[in-house]
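Chains as they are written, first to last, in the numbering used here: chain A, 679 to 808; chain B, 5 to 104.
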Amino acid sequence: MKFAILVNEGPYQHQASDSAYQFTKAALKKGHEIFRVFFYHDGVNNGTRLTVPPQDDRHVVNRWSELSKENNLDLVVCIAAAQRRGLLDENEAKRHGKNANNIAEGFRISGLGQLIEAGVQSDRLVVFGD
Amino acid sequence: MLHTVNKSPYETNSLSSCLRLARKGHTILLFENGIYGALKGTCFENVVTDALNKYQICVLMPDIEARGMRVDNVITGIKTVDYAEFVDLVASNSTVQAWL
């Protein structure tokens, strides 16, 4: 079955990103397809490569990047939510005259249409948030 | 239909809203801080026990254990599930409503 995942909360806030990650991993293990993971609102903060959590803590951002690499996951960050919170890729940084970008490996910035498409194309949309 | 509740009933009214609006035969999954609604010996126990006549209620065991509780603390009749069974619940219900 095809699942779409929506993450509306940042890392280390409550538990939404952790729950979404565990759910996604369990779904993949069961042989389901993850059509897309969409990060919206504060959820976009899951996609910054500049996070440095303590070494004995889970690395929420890297964990998503690794899962994406292993399973060819499409991790999409909402562009408007990302710009408000200072999350940029190379193109966006250039477009806004910023001297750096901070998007983590495996993530890409795109529009809200990608969430709608994920909802339409998938059998289920599962929402994790605050 | 599957309803997911991730807030403690002592924190928000999402569980109350869910119990009020869900239809007979629906399934409700309590996870994250929502697991506090599944515990014995609380002022919510009677409400949740009554709701078991109308709905199937499940609770995510890893979130019970993460908060220092065991299966013995869960109200009788509530089904304990792991992440794999959470995935099965989503797959076997045609829609999922998150009560955030």
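Think of the CB as a built atom: it goes at the ideal place given N, C-alpha and C, for glycine as much as any other residue. Keep in mind the model is a prediction, meaning the values are calculated, not measured.
Scanning chain A for C-beta atoms nearer than 8 Å to the C-beta of B:A88 yields A704, K707, K708, reported in chain order. Sequence-ordered contacts of the region 28-57 of chain B with chain A read F35, E36, N37 [C-beta pairs closer than 9 Å]. Separation of the CB atoms of B:V52 and B:I61 is rounded to 7 Å, and the pair is thereby assigned contact status at 8 Å. Only exposed fits B:S96, as fewer than 16 other CB atoms lie within 10 angstroms of its CB.
Taken through DSSP and simplified to helix, strand or coil, A:E687 comes out as coil. Looking from the CA of A:T726, the closest CA among A:A682, A:E783, A:S697 belongs to A:E783. For chain B, the residues of the region 708-725 of chain A that bring a beta carbon within less than 9 Å of one of its beta carbons are K708, H710, in chain order. In the three-state scheme derived from DSSP, where H, G and I count as helix and E and B as strand, B:I82 is classed as coil. DSSP, read as helix, strand or coil, puts A:R714 in strand.
Bounds of the alpha helix (DSSP H) holding A:Q761 are 757-762. Cα atoms of A:D801 and B:D67: separation of roughly 26 Å, rounded to the nearest angstrom.
Using a C-beta cut-off of 8 Å, the region 695-706 of chain A makes no contact with the region 77-84 of chain B, since fewer than three inter-stretch Cβ pairs fall below that distance.
Taken in chain order, the members of the region 793-807 of chain A whose beta-carbon sits within less than 9 Å of a beta-carbon on chain B are D801, R802, L803, V804, V805, F806, G807. With fewer than 16 other Cβ atoms inside 10 Å of its own Cβ, B:N50 counts as exposed.
Under the three-state reduction of DSSP, A:R802 is assigned to strand. Here the region 751-767 of chain A makes contact with the region 785-794 of chain A; the two share three or more CB pairs at distances below 8 Å.
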